[in-house]
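*Asks:* Residues in the sequence shown are numbered from 1 upward in steps of one, following the UniProt record's numbering. Glycine is no exception: its CB is placed at the ideal position from the N, C-alpha and C atoms.
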Amino acid sequence: MTAVLELSLGYQHPAHRALRAYLREVATEVGVGLESVTVDLDTPVSAYLALDVRLPSHPGRDVALLWDERSGWALAVETYSGEDLIVLRYLGGTVDASPREVSRFVNALRVGRQVGFTDPPSLRVPTGLDGLVLAPALVVAA
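1. Taking its Cβ as the centre, do 16 or more other Cβ atoms sit within 10 Å of D84, making it buried, or is it exposed?
2. How far does the alpha helix (DSSP H) with A15 in it reach, from first residue to last?
3. Among residues of its own chain, excluding the 5 on either side of R100, which ones have a beta-carbon nearer than 8 Å to its beta-carbon?
4. Determine the DSSP secondary structure at S98, reduced to helix, strand or coil.
5. Near V125, which residues of its chain fall below 6 Å by C-beta distance, leaving aside the five closest residues on each side in sequence?
6. From this set, P56, V77, S98 and R104, which residue's C-alpha is nearest A50's C-alpha?
7. Drop a sphere of 10 angstroms on the beta-carbon of V111, count the other beta-carbons inside from all chains shown, and report buried for 16 or more, exposed for fewer.
8. Which residues in the same chain as L56 place their Cβ atom closer than 7 Å to its Cβ, once the five residues preceding and following it in sequence are excluded?
9. Please report how far the alpha carbon of L132 lies from the alpha carbon of L66, in whole angstroms.
10. What does A50 pair with, by DSSP beta-bridge criteria?
11. I'd like the list of long-range same chain contacts for V26, defined as Cβ closer than 6 Å, with 5 residues on each side in sequence excluded.
12. Let's see if you can read the secondary structure: which residues bound the beta strand (DSSP E) around G72?
13. Which of helix, strand or coil does DSSP assign to R104?
14. Which residue marks the beginning of the beta strand (DSSP E) containing Y90, and which one marks its end?
Following this line, the structure appears as structure tokens:
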């Protein structure tokens with residue numbers, strides 16, 4: 001199920017609330033509003049953050065941050081044909097990198113530095129909302 005971040009659907013799984021809070025912090029840190037964020041709650045849980053930046057290596061293409069519970073954060077560009085996004089680099093490390101770390105990753109790539117990884121890391125086995133645990137402050141119990 002894909003959802004805009006701020007939808008109130010009555011009961012929300014505790015992991016969904018934790019993910020929403022985490023994505024809100026990341027969006028703020030990278031300078032976008034919540035209207036730029038969508039979440040897919042199917043397994044693997046994932047999110048899309050539209051960014052208001054351009055990359056020197058891909059002028060004219062829209063840029064997005066992607067997150068999923070398996071590989072964490074990635075920076076991608078939109079295609080001209082509407083096909084899947086082209087992932088340029090993965091942050092690696094953990095699936096719940098600090099919002100500041102995610103912002104530094106975006107800013108480094110924006111100025112042409114090659115940080116992160118070209119291959120997707122496998123940081124955890126996707127479990128969906130029932131097994132999703134974020135940073136210690138956001139630990140959830142299903």
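*Replies:* Based on what the coordinates show:
1. Result: exposed.
2. Run containing A15: P14 to V30, per the alpha helix (DSSP H) assignment.
3. Contacts found: E29.
4. Correct three-state label for S98: coil.
5. So no residue of the chain qualifies.
6. Of the candidates P56, V77, S98 and R104, the residue whose Cα lies closest to the Cα of A50 is V77.
7. Residue environment: V111 is assigned as exposed (fewer than 16 neighbouring CB atoms within 10 Å of its CB, all protein chains considered).
8. The question names Leu, but residue 56 is Pro in the sequence shown. Short of 7 Å from the beta carbon of P56, and not among the five residues preceding or following it, lie these beta carbons of its own chain, in chain order: G112.
9. Distance between the alpha carbons of L132 and L66 is about 17 Å.
10. In DSSP, A50 forms a bridge with A64.
11. If we look at V26 and ignore the five residues flanking it on each side, its Cβ neighbours are P99 and V102.
12. Element bounds for G72: G72 to V77.
13. Under the three-state reduction of DSSP, R104 is assigned to helix.
14. Here the beta strand (DSSP E) through Y90 covers I86 to Y90.
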